Structure formats: C-alpha cells, structure tokens
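Peer 1: Got a structure for you, written out below as structure tokens; questions coming shortly.
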Amino acid sequence: MASVTLRRLSKVFDGGVQALHHLDLDVRDGELLVLLGPSGSGKTTVLRCIAGLEEPTTGEVVIGERVVTHDSPAERDVAMVFQSQALYPYLTVRENIAFPLEMRGLAHAQATRRVLETATRLGLQSVLDRLPSQLSEGERQRAALGRAIVRGPQVFLLDEPLARLDAPLRIELRAEVLALHRAIAATMIYVTHDQAEAMTMGQRIAVLHEGRLRQVGTPEEVYQRPADVHVARFFGTPGMNVLQGRGRAGDKGRVIEAGSLVIPVELSTYEGELQLGIRPEYVGLCAVDQGVGNVDVLVVEPLGSETLVHLNAGGQPLVARLPGFADVRVGTRVGVKVDRRRLYLFDAAGAPVA
Amino acid sequence: MSPRGWAASATAAAALAAALTLAVTHWIERRYERAFAFRIARTTAAYVAAVTPPPPPPPPVRRRGRIPRPQAPITPVPQSPASRTYHLPSLLTQARGLRTLPGWTTEVEVYYGTAPLVDATAPPLSPDDLLQLDSAGGRWREGSALVPLKDRDGREIVGAVAARPLRVPTGPLPGGLGFAFPAAVLAVVGAAVIAFRGRSLRSGGYVGAALLLAAASYLDLRAVARSSTDRWLTDTRRLLQEAATRLPPPRSRVSVSDLAALVQDAELVAGEPAESAPWRARVDGAPRAIVAVLIGSGRWVDLRTVPAEITTLRWLLLLLASALVGPLGILLLRWAERTPARKRRETAIAWGFLAPAGLHLLVFTLGPAALAIYLALPLANFRTIVHDPLTWLSMRSTGLYALYVPVSVVIALGAALLVHRYRVGWGGRLLRSALLLPYVTSVVAIALVWQLIDQAGTLGLGRSGWLSSPATALPALMLLALYAQLGGQTLVFLAGLERIPRVYVDAARVDGASAWRRFWRITLPLLRPLTWFVVLTGLLSAFQVFTIAFVLTQGGPRVLVQRAYQLAWGGGGGSGGSQAFGMASAFAILLCLALVVFSWPRLKLLGRYAQHA
Ligand SMILES: Nc1ncnc2c1ncn2[C@@H]1O[C@H](COP(=O)(O)OP(=O)(O)OP(=O)(O)O)[C@@H](O)[C@H]1O
Ligand SMILES: [Mg+2]
C-alpha cells in the first residue's frame, strides 16, 4: 500500500483549457478519499494524472516514496475504474478480469485462481463467460471493479463508478465498495459528483471546484465549516442559501441587509459587500412583520418527512426546510425567522469572514 | 378485415396468380406453336419451290392458254424471265396435294401473287401483305404463319405460303389435358381451404401450391415444345418423302444433298431404317431430335434438328415469378391486416423512398443478372465453360493476382496507424495526402501513366517492358492495384481507428499493456470486423478485376472478367457471335456463384458484428 501526494499539480490542455490549478493533496496510506466536485471541475483529470494517462503541466505526483510524475501507467501500479467502465467488448468477463494479470505476465494457474477469487468476492461466478454486452449495468460495474482489484495494486482510482446505476443498486454497491476497501485496506480515491454519496463514503472529502481544491476534511468538517461559499453551496440537500448583502450600522447595532431581510449580527468590524449563508433547516416562517423580513412563497414541495418552501426575498431566492407537512400557501406573504447562531458570512470573493 | 373477408381475398389472390400462370403458360405455348408454324411454312415454301417446274416455253401461236386467272385484285407478279417462275398448273397441283398428305398436322395455303390456290374461295392477301413479307421475311396473320414464296431462283417474291398449326392434344392426361389446369384448380382450392380453415399463415402451404403450379405449367410447356419439334419432324418427313419421288428426273435416284437443300435449318444424313416416330439422341455431345425418312427403296436418311424443349428451362423463371404472385399477395394481405394503418402508410412511404434506388437496382443489376441467366441457358454452355482450359487459366491468374489483397491490407493498416499516431502536425497531413492521391485518381489514368513509364522509359528507368512480358506482367499488375487501392483502405482503417473509444486504450495502459500488446489485444480486435470488410471487398474487387488488366495488358495475363469479355466480344480465344453471349453469360454466372459461395460466411459474420456494434 502507498500514499498518494500531489504537489502544485496543474494541467493545461492543448486547447488552452486549464483543468487543474496548483493542486496540493495528500492521500494517506490505506485511506478512502472521496474527490467531490460538480461536472467539469477536473475530477477525472486528477485521476488521469495520478494514473499517468495525462502528463501534468507543472507539479509532481508522488506514490509512496516515489516521484512518478513522468512514469508510464504500467510503472505506477495503480488500478482505475473508468467512468464508462471500459470493459473490452469482445472479451468475456473472465478474460476482462484476467487481462491485467496476463499483461503482468502472471502464470496461468495463478491467474485463474485470482480471477475466480475476485469473481466470487463480487458475485460474478455465474456470468464469467458472458460478454459485457450480455450483462446488466450492475454486473458490468462489478466486472469493472473486478478488473481493478484483481491485481491488488497499491492505489485504486474509481471514477464515478456508480453514477450510472439506479438508486437502490447504487446504495447496495456503495456498501460493497466500502466493504471491499475494508477488506483489502488499499488506498482509494473515489470520485463522485454526488455530495450525499461523498458524505456516506468518505473518511475524508476533497472538494474540487473549477480545477481548484477548495477544502479537504471529514464530512462533518466540510458540512459544518465550509471553506468557502462554493463548498457551502455544494453540501446539503438542498445546499446552503447564499444571499448577497451588505453590512451596515443599524439602530440597535450592526445589521446585514440582504434582499428584503434585515438581520442583526454580532459583527464588530465588517462593512460593505458580503455574502450571507443560511442552511435551509435554520430558516423558519412566521407571521408577516414578526421576523427579520417578509418574503413571498413561490413553490411548496411537501416530501413527507419535511417540506421545502421556495421563497423570494426581495429578488433573492431562499429555501426553507420545515418539518412534516407545513401549512403554507403559494402566493402568500410571510415573515422569516433565522437562527442567528447558524449564520455563515463570506466576503464578496467567497472566503469566510471570521 | 374480417377473417372471412381476409380468406376470400387470399383465395382471390391465389386464383389471380393461378390465372396469371395459366395465361403465361398459354402465351409461351403459343410462342412454340408459332415457331413451329413458321418453320413448317418455310419448309413447305422450299418444298413447293423445289418440286414445281418452270412453265414450258410458250408455243409461238397460241396466245391464250387455259391458265386460270387469279381472282381480283390484279396480282403484282413481278415480270421475270420465264424460267424463274412456276408452271401454274403444277403449282396448283402441288399445293392441293399438300392438303391430302396423310398425317399432316398443319393446314397450308399457297398464294400465287395474292390469290389462294388451295381454297380458291378464301379471301386473297392484300398487296401490302406481300410487300411486308418482303421486308420482314414472315409474319403472323390471322392465326397462320405467312412466309414468302420466292421464285425458282429465290430472288423475288411471287407469292406466299401460310401454315396454320392444327391444335393437337399434347397433355398426358385423358383428353389431352395438361397438368397445369388441374394444378391451378388444386392450388386455388388448397389456398381457399387453408385460408378459410383459419390456419391463416401456413405460408409453406401457399408456397408449396405455387411451386406445384409452376412445376405443372413447366411440364406442360415442355410437352408443347417437344411436340412442336416432333410435329415439324414428322411433317417434314412426309414432305421429304414426297420430294424424293418428285424431284429427280425420271428413272434416277434423288440425291441427299438435293433434299438437304429443303431443310437448311436442320441436318440430313444417311441413316438406318427405323420407326416413323421421332426420337431423341445425343450427336457429338449435343442433344438432337431425329426422325428416320425413307427416300427410296431401302434408302434411309436421318433428319436431325435441335429439340425445342432444351430452350424451355429459361421460362421457368417467369413461371415461378407468376405462380409466386399468389403467396406473395397473401403474405401482403396478411401483413396489411396485422399492421395498423399508420404503420402501413409509413411502410408505403419508405418503399416510396426506396423506389428510385430499387428501380436502379432492378434495371442495372437484377435485370442484367436475369438476362444473363436467360442467355446462359441451355446448360450446355456451363459444361463448355467448365471444360474450357482457358477458364481455369484465367482463374489461376486471378487467384494469383488476388494475393496482393492481404499485402495491401497489412500495409494500409500500418499506414493508418502511422497517420493516426501523428494525426496532428504537418507530417501526418502530408502522409495522408500522399495516400489519398491514388485513391481519388481514376484507375484508368493511373494505368495509362504506368504504361507510359513502362514503355517510354520515363524517369530514367529505361524501357522495362514489364507489362508485356508474361513473367512480370502479373506482379506489375498487382503492384499497380496495390498502389491504387492502398489509399482507400487506409482511409477505412483510419476512420475505424478514430472510432475506437480512447478509454479502451487507456484502460489497457493502466492494466500494464505495452504498445505492442495494446495493438494486438485491443486495437486489432476492435478493428477486426473492419479488417474483414476491407479484405473481403478487396478480394471481391480483385476477382472482378478488369479495368487495369484490360488497359494495361492486351496480351498479358487473362483474368476472369477479361475472359468473360472476350467470350462475349471476341478476340483472343473468344468466338464472338450470338452463341458467344450465352457462353459469356454462363461464365459470368459461374464467377458470380463462386464469389457468393466464397464470401457468404464472412458476410454473415460481418452482419453479426454489425448487430453487436
Ligand atoms: N483532453 C482534453 N482536452 C481539452 N480539455 C479537456 C480534456 N479533458 C478534459 N478537458 C476539460 O477539462 C475540464 C475538466 O474535465 P474533467 O473530465 O476532469 O471533469 P470532471 O470533473 O471529471 O467532469 P464529469 O463529472 O462531468 O466527469 C473540463 O472543462 C473539460 O472540458
Ligand atoms: Mg469525469
């Protein structure tokens, strides 16, 4: 097993697209790190750099003690599950799983045994002699995993392996991947764009946005103390409300004006443009003029255990998450309460304000 | 449509097809009967011309003879020297005598000028009829074959002979009934039973009935063709026997060559005594219908001709087509019934779009193919082709020639990999252009330039003469073909390479495969269907090679298609002429069959791959 370290990693593609900006990341030996980011944020590019399929423009990739920045993929001893599975279409599942062993010149008998072990672990025994086109999506995904783990490499790179599956299957396979990780105790980098998946899987989560690493931390850290406004927006279902506002001195101390809301804050120094973050669960409704401002109800989404209410706060969207079935009418005007201890403040650039 | 309605329409379709088949059969039978009528009319005309003496020199005094004037209108008998015309009273006798020939199955009339001689009360010909006869050499008029009667020198038309074939029963069933009619009834009843019994789509049954009908019609047709030959033989036999007694000067024996002059489209040779009925035999490997003729005491000759039934096979196609109209119609009805209106309309529109291409295919591919089959029959042509050493020689050169294909495919694959590897940058672009240049140039132009190089010794190579030397012509041809085809094949491979998802190669790299192994284990398998396609089309076009060989080596290696061309148009071992087309067609069909057999398994494989992709 080995750790993976990225130092000041940048990647500029031929067309001039800068996919990665000075990435520093340390994945510990045996850790399952989840790399999370929206589509196009550069997740796949990070994995490809680690695997050696792309050469970084600047920076270094270190696996274990070795700097492998310019090594070929074969020399790195990593395995990768591709976003599109990439099972060889004319080889059976058995041949697909055996392929990496064959390429490393493993003896036939030994290879056969390893393939069978892997297939048994993933529940693929019955489909070993089928072609990929004859498998279900779940089986295909398992076969792709099998091809990655069969060799027992130092590092696993998994690029959104479950994105194509439907929800129940995704949950099932997620558990399997976790079990697998525990069983083989390998270093894994797991890419996903689904923050819920990231929260449930990761020991640590690295959040990537527009090619920049925004935050690395445990799920709780990332949720409770988002490093910037992008991370804050990205986590939670739905994500955090972010209102554009400005701080000024009011009658009873400092307030922040954001849309139709005027919220008193215990902020001594700050004045001018800033961004106000409130998680939907800390937004409450009350009678008109009873709260920090009045808003219009746009949409009500009853979900059973909770109700999402989409509001218009003087031109800025705001979502409230209320328990159970809330008695709110679309088109009415209501007052808003906020939990003042749960406010996040970011400056105009998105950095948190202390 | 209700089930009953459907069953009724299906029965109607079957009845229509049966009627169509019967009509087609009848039409073809009539063709054979007409052919027979024309033939016997010609023979009769020749007989009449041979046995009728010229008028005796007119006695100087008597100006009015008892010659019966022909009825009006005035006959346009051309003025000619007396020795060339006929002695009219004898002509009359000869003509009347034809009617009384025992066993004749033909009714003949002889016209002198426009006037009928045998049945004097029959309407005369019109002068136009005679004039047209002169240009056409014979025509069909009111149920009889009308052929010209020339003067004794065979120069000018002095009259006509009409032959009306009497209908004789040819069918093997009681009353001379053929198989076709009962089979038609059976097919219709069968179709009705299957349809009304609700065993709706036993298309096997319908097709079986249709095949039965076609087969029965064919048998009838063959019987009619056979009987037309037999009738000509027996009728001509009588004429020959008559001629044998009338031709020679008194107390001398008739010569066989005199008689043979009467039957120029047949053979007359000395023979053995035999029954009066015609028989079939092979003479020098060719089928012949023969009848023995007694032409004097103890003198027998054999009258031989090509039997008409050997030409019947070609009609089988037509019969099958018309008989299968039934099952086809029923299937169509079934389809229309089971398909919702919208789908029906869409299908109709789709066929509408396909129609132009389909028409093109029909006119320029299927039509010529059918014509080739028609021309290639009778089957004797195929035997000749197979036994012709030139066929195998051309097969051998073509086979050798085709060996360039694997070589060019390997080179093309290599070139494609190179271009793909360096696709960005000017090097790749240059390579690509160089490869594509021959591809976009006309093969003929390339061939001519090569010829120029070869003969004029351009480029300082000196006169090489490769193309005219038998030893080097084939390799030179192969080299040229390779050059001309490389670009196209490279392009196909390049397109294939660009279509391979990069992720497969990436996965193989992560799995630790070297470039060499990636090519063998990933790229090549993914290109395999395409490779087969390139090899197959290459081989197919190699076997059809004509242009290059024809332009370059007039005397060089004979390749298959060139051989077919020679057979048809003559030149170098080909005969030219009407038989030649039959031979060439037979050759082409054999070549086509060989190609189909040879490429079938691969094509099927390709189809399977296409479904997977
Ligand atoms: N080969 C390439 N050439 C040029 N630009 C590229 C290339 N590959 C990726 N990019 C660009 O780099 C950026 C990051 O791409 P990447 O595939 O890493 O995103 P991702 O986070 O994996 O997205 P997704 O979740 O949709 O897979 C994108 O803007 C993409 O357009
Ligand atoms: Mg990606």
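Sequences listed follow chains A and B, in order.
Per my numbering, residue 1 is the first one in the first sequence, and the count goes up by one each step.
Per my numbering, residue 1001 is the first one in the second sequence, and the count goes up by one each step.
C-beta: ideal position from N, C-alpha, C; glycine also.
Values in this document were obtained by computation on a predicted structure and should not be read as measured data.
Note down the Cα distance separating Thr1234 (chain B) from Arg1253 (chain B), rounded to an integer number of angstroms.
Peer 2: Taking the straight line joining both Cα atoms gives about 22 Å.
Peer 1: In the structure shown, what three-state DSSP assignment does Ser1599 (chain B) receive?
Peer 2: Note: Ser1599 (chain B) maps to helix in three-state DSSP.
Peer 1: Taking Asp1506 (chain B) as the query, report the chain A residues whose CB atoms sit under 9 Å from its CB, ordered along the chain.
Peer 2: Simply Arg48, Ala51, Leu53, Pro73, Met80, Phe82 and Ala86.
Peer 1: Using a C-beta cutoff of 9 Å, does Trp1392 (chain B) count as contacting chain A?
Peer 2: Chain A, which has no Cβ nearer than 9 Å to the Cβ of Trp1392 (chain B), makes this no.
Peer 1: Using a beta-carbon distance below 9 Å, is Pro89 (chain A) in contact with chain B?
Peer 2: By this cut-off, Pro89 (chain A) is an interface position.
Peer 1: Looking at the secondary structure, which residues open and close the alpha helix (DSSP H) in which Thr118 (chain A) lies?
Peer 2: It spans His108 to Leu122 - the alpha helix (DSSP H) in which Thr118 (chain A) sits, taken as one unbroken run.
Peer 1: Check whether the Cβ of Met188 (chain A) lies closer than 9 Å to any Cβ atom in chain B.
Peer 2: Cβ-Cβ to chain B under 9 Å: no for Met188 (chain A).
Peer 1: Is Val1535 (chain B) close to chain A? Criterion is C-beta to C-beta, closer than 9 Å.
Peer 2: So, not an interface residue.
Peer 1: Could you please give the first and the last residue of the uninterrupted alpha helix (DSSP H) stretch that includes Met240 (chain A)?
Peer 2: Note, Met240 (chain A): premise wrong, no alpha helix (DSSP H); not H, not E.
Peer 1: Entirely within the segment 38-109 of chain A and at least 4 residues each: give me those alpha helix (DSSP H) ranges in chain order.
Peer 2: Listed in chain order, they are 43-51 and 93-103.
Peer 1: Only counting the same chain, and skipping five residues up and downstream in sequence, which positions put a Cβ closer than 7 Å to that of Glu1107 (chain B)?
Peer 2: Only Arg1164 and Leu1166 meet the Cβ criterion.
Peer 1: Using alpha carbons as the reference points, say which of B:Thr1441, B:Val1293 and B:Thr1025 lies closest to Ala1223 (chain B).
Peer 2: When each option's Cα is compared against that of Ala1223 (chain B), the closest is B:Thr1025.
Peer 1: Using only the alpha-carbon positions, how far apart do Ile1028 (chain B) and Ala1323 (chain B) sit?
Peer 2: Their backbone Cα atoms lie some 15 Å apart in a straight line.
Peer 1: Helix, strand or coil for Lys11 (chain A)? Go by DSSP, reduced to three states.
Peer 2: The answer is strand: DSSP assigns Lys11 (chain A) an E or B state.
Peer 1: Using CA atoms only, rank isn't needed, just tell me which of A:Val262, A:Asp14, A:Leu208 and A:Ala2 is closest to Gly30 (chain A).
Peer 2: Taking only the C-alpha atoms, the option nearest Gly30 (chain A) is A:Ala2.
Peer 1: Please list the partners that Pro100 (chain A) has in chain B, where partner means a Cβ-to-Cβ separation under 7 Å.
Peer 2: The answer, in chain order, is Asp1511 and Gly1512.
Peer 1: Taking beta-carbon pairs under 7 Å, can you tell me which members of the segment 1251-1282 of chain B lie near chain A?
Peer 2: The residues in question: there are none.
Peer 1: Indicate, with yes or no, if ligand 2 has a heavy atom lying under 8 Å from the CB of Thr332 (chain A).
Peer 2: No, the beta carbon of Thr332 (chain A) sits no closer than 8 Å to any heavy atom of ligand 2.
Peer 1: When you compare only the Cα positions, how much space is there between Gly1555 (chain B) and Ala1046 (chain B)?
Peer 2: For Gly1555 (chain B), the predicted model reports a pLDDT of 49, less than 50, meaning its position is unreliable; a value from the coordinates is still stated below. The alpha-carbon atoms of Gly1555 (chain B) and Ala1046 (chain B) are separated by roughly 48 Å.
Peer 1: Closer than 7 Å is what we want: which residues have a beta carbon that near any heavy atom of ligand 2? List them in chain order.
Peer 2: Answer in sequence order: A:Lys43, A:Thr44, A:Gln83, A:Asp159, A:Glu160 and A:Val191.
Peer 1: Run through DSSP, which three-state label would Gln195 (chain A) get?
Peer 2: DSSP places Gln195 (chain A) in helix when its eight states are reduced to three.
Peer 1: If we define contact as Cβ-Cβ less than 9 Å, is Val1596 (chain B) a contact residue for chain A?
Peer 2: Answer no: the Cβ-Cβ gap between Val1596 (chain B) and chain A never drops below 9 Å.
Peer 1: Compute the beta-carbon to beta-carbon distance between Gly272 (chain A) and Val242 (chain A), rounded to the nearest angstrom, for a pair I have assumed lies under 8 Å.
Peer 2: Not quite, the Cβ-Cβ distance comes to about 17 Å (not below 8 Å), so this is no contact.
Peer 1: I want to check one thing, is the minimum distance from the CB of Gly37 (chain A) to the heavy atoms of ligand 1 below 8 Å?
Peer 2: Result yes, Cβ under 8 Å from ligand 1.
Peer 1: Below 9 Å between beta carbons: does that hold for Val216 (chain A) and Arg204 (chain A)?
Peer 2: Their beta carbons are under 9 Å apart, which means Val216 (chain A) touches Arg204 (chain A) by this criterion.
Peer 1: Could you have a look at Pro160 (chain A) and say whether DSSP puts it in helix, strand or coil?
Peer 2: It should be pointed out that residue 160 (chain A) corresponds to Glu in this sequence rather than to Pro. In this structure, Glu160 (chain A) counts as coil in the three-state DSSP scheme.
Peer 1: Would you kindly work out how many angstroms separate the C-alpha atoms of Arg1518 (chain B) and Ala198 (chain A), rounded to a whole number?
Peer 2: Approximately 35 Å, taken between the alpha carbons.
Peer 1: For Val34 (chain A) versus Tyr190 (chain A), is the C-beta distance shorter than 9 Å?
Peer 2: Closer than 9 Å, so yes.
Peer 1: By Cβ distance, which residues of its chain are closer than 7 Å to Leu1020 (chain B), with the 5 residues on each side in sequence left out?
Peer 2: Ser1322 and Val1325.
Peer 1: Can you give me, in chain order, the residues of the segment 1513-1528 of chain B that have a beta carbon less than 8 Å from any beta carbon in chain A?
Peer 2: The segment 1513-1528 of chain B vs chain A, Cβ under 8 Å: Ala1513, Ser1514, Arg1517, Arg1521, Ile1522, Pro1525, Leu1526 and Arg1528.
Peer 1: Between Leu1259 (chain B) and Ile1290 (chain B), which are expected to be in contact by the criterion C-beta below 8 Å, what is the C-beta distance as a whole number of angstroms?
Peer 2: Between Ile1290 (chain B) and Leu1259 (chain B) the Cβ distance is about 15 Å, and since that is not below 8 Å, they are no contact.
Peer 1: Rounded to a whole number of angstroms, what is the C-alpha to C-alpha distance between His1087 (chain B) and Gly1113 (chain B)?
Peer 2: If you take the alpha carbons of His1087 (chain B) and Gly1113 (chain B), they lie about 13 Å apart.
Peer 1: By how many angstroms is the C-alpha of Leu308 (chain A) removed from the C-alpha of Arg321 (chain A)?
Peer 2: Using only the alpha carbons, I get a separation of about 5 Å.
Peer 1: So with Cβ pairs under 9 Å, would you call Val1306 (chain B) a contact of chain A?
Peer 2: Not an interface residue.
Peer 1: Can you check DSSP and say which residues form a bridge with Ile1157 (chain B)?
Peer 2: Answer by DSSP bridge pairing, in chain order: B:Lys1150.
Peer 1: Please list the partners that Arg104 (chain A) has in chain B, where partner means a Cβ-to-Cβ separation under 8 Å.
Peer 2: Going along chain B in sequence order, the residues near Arg104 (chain A) (Cβ under 8 Å) are Gly1512.
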